[in-house]
Amino acid sequence: MHQKIPIIHHHSSTSSNYIELIDACIKRGVLKSGRALHAHLIINGLAGSLQFVSKLIAFYTRCKELAAARKVFDRIPKSKIRGWAVIGSYARNGYYEEAMGAFEEMQKAKRVFDVMVDKDLVALNAMVSGYVQNDSVQEALNLVEEMKFVGVKPDIVTWNTLISGFSQANDEVMVSKIFQTMETDGVKPDAISWTSVISGLVQNFRSTRAYSAFGQMLKAGFSQQHQQSVPYCLHVLLLQI
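As numbered in full-length UniProt numbering, residues 1 to 241 make up the sequence shown, in order.
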């Protein structure tokens, strides 16, 4: 039986807390906790934020609740975005050839340029999240490069998803390259970026590197108020070093 994931209270919540909880719900496929978390996001006015939309869609698709995933998309302005929902759904369920086929068809029809850039980002982030959830991080990176080629600029959500994927895959070289690339593209790593790196190191039992990364996070300007976004497991780890 799946363990229930605790929902944080509003007064102690941060975007990174919510991201961690959504990721946990996606990984475990815990529908009840995920729905409760979605309700919290709605109450706090966060459910429509781009950084949460793709996560919610990935969660409902993971739980085979495609109708709920569709409702999340239906609340996004401009019906043209729904074409991207098909692509994201394919990717999250492992149908990569179908996803890329649909993407190519949309390119041929020039539909890529018919939708707003921000809405393109929703689709891009949904697909990248799908690849990462299926342990296909290289495919996720390839997709980001292809989308950049057609004029879609990745945002902090895109880069953080890639960082999370390569961190969990214990590929520090790629994580470092992604950090450099995103900064070159004008996107500055945030607390979630660092949290993903530290989480990956902890999960791969790289205690010394996790401690070092935490120090780098503080040197980068993230003060005590950002430390609450670091996973609880790191706090335990730091006490053991």
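Every residue, glycine too, gets a C-beta built ideally from N, C-alpha and C.
In this model, residue 151 and residue 178 are separated by some 19 Å (Cα to Cα). Listed in chain order, the non-local C-beta contacts of residue 121 below 6 Å within the same chain comprise 155, local neighbours out to five positions each way being set aside. Rounded to the nearest angstrom, the gap between the Cα atoms of residue 182 and residue 188 is 7 Å.
For residue 161, same chain residues with a beta-carbon under 6 Å away, outside a window of 5 residues either side, are 128, 129 and 132 in chain order.
CA-CA distance, residue 32 to residue 196, rounds to 25 Å. In the assembly as shown, residue 208 is an exposed residue. Its beta-carbon has fewer than 16 other beta-carbons within 10 Å.
With respect to the 8 Å criterion, residue 37 and residue 25 are classified as neighbours on the basis of their beta carbons. DSSP places residue 35 in the uninterrupted alpha helix (DSSP H) bounded by 31 to 43.
Rounded to the nearest whole angstrom, the C-alpha separation of residue 148 and residue 43 is 34 Å.
By the C-beta density criterion, residue 64 is exposed, having fewer than 16 other C-beta atoms within 10 angstroms. For residue 176, the uninterrupted alpha helix (DSSP H) segment begins and ends at 172 to 184. Within the model, the alpha-carbon separation for residue 169 versus residue 143 is close to 18 Å. Restricting attention to 29, 174, 216 and 22, the CA atom closest to the CA of residue 54 is found in 22. Across the set 134, 124 and 216, the C-alpha of 124 shows the shortest separation from the C-alpha of residue 146. DSSP places residue 191 in the uninterrupted alpha helix (DSSP H) bounded by 191 to 203. Ranking 139, 191 and 157 by CA distance to the CA of residue 49 puts 157 first. Just so you know, the alpha carbons of residue 62 and residue 52 end up roughly 15 Å apart. For the set 46, 167, 185 and 27, the Cα lying nearest the Cα of residue 204 is the one of 167. Annotation for residue 59: 22, 25, 26 and 34 place their beta carbon closer than 7 Å to its own, counting only its chain and skipping 5 residues before and after. A distance below 6 Å between beta-carbons, with the five flanking residues on each side excluded, links residue 68 to the following residues of its chain, in chain order: 60. Separation of residue 57 and residue 190 (C-alpha to C-alpha, rounded to the nearest whole angstrom) is 23 Å. Per DSSP, reduced to three states, the secondary structure at residue 143 is helical.
Here residue 20 has no same chain residue with a Cβ atom under 6 Å from its own Cβ, once five neighbours each way along the sequence are excluded. Distance check between residue 17 and each of 163, 137, 192 and 220 places 192 closest, using alpha-carbon atoms only. DSSP places residue 152 in the coil class of the three-state scheme, outside both helix and strand. For residue 163, the CB contacts under 7 Å within the same chain, skipping 5 residues up- and downstream, are 175, 178, 193, 196 and 197 in chain order.
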